[in-house]
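Encoded as structure tokens, the structure appears first; notes follow it.
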Amino acid sequence: MPIAASLRHRVLAAALGLVAGLATVSPAWAHPHVWITAKAELAYEAGRVTGIRHAWTFDSEYTAFLTQGLDANGDGKVSPEELQGSAKEHAGNLAEFAYFTKLKVAGKEQAFAEPQEARMAMEGGKLTLNFLLPLKTPAAQGKGVAAVEVYDPTYFIAFSLAEGADALRLAGAAPGCSMTVTRAKNTEPTV
């Protein structure tokens, strides 16, 4: 067999092997690394939406990661005082991710100011980050709708709305305001 024909057969065999190998590769599904159970309170003042109070409870594994090295006094427990610096830092770091929050009032997307009142608390072995996310400019809702979305488009973090009546609240809303909760459908593939 001439050298050129032999080389051509080897290249063809290698190419077929590569195609066969790629044909057996399954698509990579995004999957979360952090799970957060979220509660939210839409804050109103004088008939205007002023912000959102978030309460995000982290899964136990991420809680363990976040609290490593925070027990400054060595008593085996992480106190609210020991968590305070971490709370401010974490709430502040959310800006680059748009706080994982979208708010539309009367059809207009709202801009947020820096988070305020950040604090963390440990309950039942899980850490909860609480913070107020104020609007840069309070928004008049009128007869329109205020729609809140909390999610991570990359799915690195899986947000789920807490169960129960306190999962989403209206604070200071005008009489007659009501709310409807629409939960996201689970789009994660079954493995």
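Numbering (our numbering), first residue to last: 585 to 775.
Cβ coordinates follow ideal geometry from the N, Cα and C atoms, glycine included.
Since the model is a prediction, treat every value here as computed from it, not as a measurement.
(1) Identify the residues that DSSP records as bridge partners of E629: which are they?
(2) List the whole-angstrom C-beta distance separating P640 from L713, where the pair is believed to meet the contact cut-off of C-beta under 8 Å.
(3) If you measure between the beta carbons of E666 and D655, is that distance less than 8 Å?
(4) Going by other Cβ atoms of all chains shown within 10 Å of its Cβ, with 16 needed for buried, is P699 buried or exposed?
(5) Tell me, please, whether the region 649 to 663 touches the region 751 to 759 by the rule of three or more beta-carbon pairs shorter than 8 Å.
(6) In the DSSP output, which residue or residues are listed as bridge partners for K686?
(7) Quick check: what's the CA-CA separation for P759 versus A730?
(8) I think A675 touches F715, with their Cβ atoms under 8 Å apart; what is that distance to the nearest whole Å?
(9) If you count every other CB in all the chains shown that lies within 10 Å of the CB of K769, and 16 or more means buried, which is it?
(10) Identify whether P718 lies in helix, strand or coil by the three-state DSSP scheme.
(11) Which same chain residues, not among the five before or five after R703, have their C-beta less than 6 Å away from its C-beta?
(12) Quick check on DSSP: helix, strand or coil for Q700?
(13) Could you tell me the distance, in whole angstroms, from the CA atom of A604 to the CA atom of A749?
(14) Can you grab the Cα-Cα spacing for the pair R637 / Q725, in whole Å?
(15) According to the neighbour-count rule (16 or more other Cβ atoms, all chains shown, within 10 Å of its Cβ), is G691 buried or exposed?
(16) For F743, write down the residues that DSSP places opposite it in a beta bridge.
From the atom records:
(1) In DSSP, E629 forms a bridge with R632.
(2) The question names Pro, but residue 640 is Trp in the sequence shown. Confirmed, about 5 Å.
(3) In terms of Cβ geometry, E666 and D655 form a close pair [threshold 8 Å].
(4) With a threshold of 16 other beta carbon atoms within 10 Å, P699 meets it and is buried.
(5) Not touching, per the Cβ criterion.
(6) Bridge partners of K686: E733.
(7) Rounded to the nearest whole angstrom, the C-alpha separation of P759 and A730 is 15 Å.
(8) That pair is a contact at about 4 Å.
(9) With a 10 Å radius around the Cβ and a threshold of 16 neighbouring Cβ atoms, K769 comes out exposed.
(10) Looking at P718 - three-state DSSP - the assignment turns out to be strand.
(11) Once the five neighbours on either side are set aside, the close Cβ partners of R703 are A671, N714.
(12) It is a strand residue.
(13) Because the pLDDT at A604 is just 45, under 50, the model does not fix this residue reliably, and the point stays unresolved.
(14) Cα to Cα, R637 sits roughly 18 Å from Q725.
(15) Burial call: exposed.
(16) Residue pairing for F743: DSSP places it in a beta bridge opposite I620.
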